[in-house]
Structures are given as structure tokens and as C-alpha cells.
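Engineer: Residue numbers (the working numbering), protein chains in the order written: chain U, 21 to 132; chain G, 19 to 133. Even glycine gets a Cβ: it sits at the ideal position worked out from N, Cα and C. Below: one structure in C-alpha cells.
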């Protein structure tokens, strides 16, 4: 039972920023927001995660709202290879809450 | 990120046979490993969680006698699909995590086709 909701799909132009939204209005105080992506017929790839502060790494930036009820994954300069299903997942640190439960994700299509 | 491998990447077997899939963490010790299954056009479904040296914990609806999981070392977990049937055809993906880190890394998946 995924705790997040994402639009089913979106597209963006190559070279432009891709902003992928995620709602997690029932997130608990000790739960993290994780983002993974899955390119067709491959295993999921970890992208980034955060608790309440914005995070940035070499792949993406994660912007979490102050109330933590939503977040946005930003791919600053999308390429064709970024076409994939992106999963936003809420996960705690202990017990059953520490499992990664995948929803349907959002399919990002990067067009030339 | 850490590397998780799976073997084989693809397997075709006859109905009624058993198939073993290996999952290895190549550059870290995985205290916990997870097995997922993904049917076409669907999301990943967690099948079971295993901690090194302990019995696996299966998700509701997953038959433990059909999907045998062994996590005998900190770098290896195996999933054996016993008496496979065509409805077991799926993409099986393992994942590994180690204590003290929040990231969970996934293998490339194994495509099982049961004829």
C-alpha cells in the first residue's frame, strides 16, 4: 500500500529541467522520502533521498515542502537516457516501515 | 553506489522444474536482502525480506514453500522457485541493504520464463 501519489506520466524536452511531483500527505515524522527510477527491463536505480531538508547529488535535487506533505524531484538537464519510470517512496527506518513499497510511479518521457 | 549482481539474467525452464536465482552484493556486506517480483506493466511487489543467518519473512500471499530463500552469508542470497509453473514467469529482482545505511541497492533482475 503505497503512501505516495504521483501523476502517471509526463514528458519534457531534452536539455530542459524535469520536475517530477509527489504527494505524501500522510508521511510520519521519522519517514524519509526516497526516489528510485527503473529503466525498461532493468532493476531500480537509487537516485536520492531526504527527510526534511532539500538534497542534491550528482543525479538530481530533491525539494521537500516545509510541511513535508509533498516533494519534487528535479533532473536539471534531462537527457534521452533519463526516460524511465520514477518511483517516489516513503520509508521509515524500523520494522515494517523500513520496507520499500513501490507504487505505480511516474513515467517520464524525454523527447529530442 | 554499491553493486548488486544477479545470476542468471535470464532463464527458461520447463513446467515442474525448480530454478535457483543468486543475488550477490559485490562491494559491501548486506545485512538485509529483499526479493521482489514484477509482472509486465506492473510495479515491483515485495515477496520477502531476509536477514543473514535468519529465516526469511514472507509477505502476505507469498508461499514460503514455493519460493525458498536462503541468506547464508553477508554477500549472497538465493531464491529458488520450486515446481515452477507458467504463472511464475516474471521478472525477479533482489535488493540489498547494510546496517547503518539508508540506501537500498537493486540487482539487474532475472527474467524467468516457464514453458
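Looking at C-beta atoms only, is the number of pairs between the stretch 22–33 of chain G and the stretch 67–87 of chain U that lie closer than 8 Å three or more?
Structural biologist: no
Engineer: Could you pull the DSSP bridge partners for residue 53 of chain U from this structure?
Structural biologist: U/70 and U/110
Engineer: Does residue 118 of chain U come out as helix, strand or coil in the three-state DSSP assignment?
Structural biologist: helix
Engineer: Give the straight-line distance between the Cα atoms of residue 93 of chain U and residue 40 of chain U, rounded to the nearest whole angstrom.
Structural biologist: 5 Å
Engineer: Show which residues of chain U have a CB atom less than 8 Å away from the CB atom of residue 10 of chain G.
Structural biologist: The shown model of chain G, from 19 to 133, leaves out residue 10 of chain G, and the question about it has no answer.
Engineer: At the level of alpha carbons, what is the spacing between residue 92 of chain G and residue 127 of chain G?
Structural biologist: When only Cα atoms are considered, residue 92 of chain G and residue 127 of chain G end up about 19 Å apart.
Engineer: DSSP three-state call for residue 41 of chain U: helix, strand or coil?
Structural biologist: strand
Engineer: Secondary structure at residue 86 of chain U, three-state DSSP: helix, strand or coil?
Structural biologist: coil
Engineer: CA-CA distance, residue 78 of chain U and residue 86 of chain U?
Structural biologist: 23 Å
Engineer: Going by beta carbon distance, what residues of the same chain come within less than 6 Å of residue 129 of chain U, once the five residues before and after it are set aside?
Structural biologist: Here the set comprises 31 and 103.
Engineer: Near residue 69 of chain U, what residues of its chain come up, given a Cβ to Cβ distance below 6 Å and the 5 sequence neighbours on each side ignored?
Structural biologist: 52 and 54
Engineer: Using only CA atoms, which one of U/106, U/119 and U/132 lies nearest to residue 66 of chain U?
Structural biologist: U/106
Engineer: Answer yes or no: do residue 123 of chain U and residue 58 of chain U have a C-beta to C-beta separation smaller than 8 Å?
Structural biologist: no
Engineer: Per the DSSP calculation, residue 5 of chain U is bridged to which residue(s)?
Structural biologist: No statement about residue 5 of chain U is possible, as the shown extent of chain U runs from 21 to 132 and does not include it.
Engineer: I need the boundaries of the beta strand (DSSP E) containing residue 114 of chain G, first residue and last residue.
Structural biologist: 108–115
Engineer: Quick one: what's residue 40 of chain G bridged to in DSSP?
Structural biologist: Beta bridge pairing from DSSP links residue 40 of chain G with G/25 and G/96.
Engineer: What residues of chain G sit near residue 124 of chain U, judged by a beta carbon separation below 7 Å?
Structural biologist: 61
Engineer: Mapping DSSP to helix, strand and coil, what is residue 100 of chain U?
Structural biologist: helix
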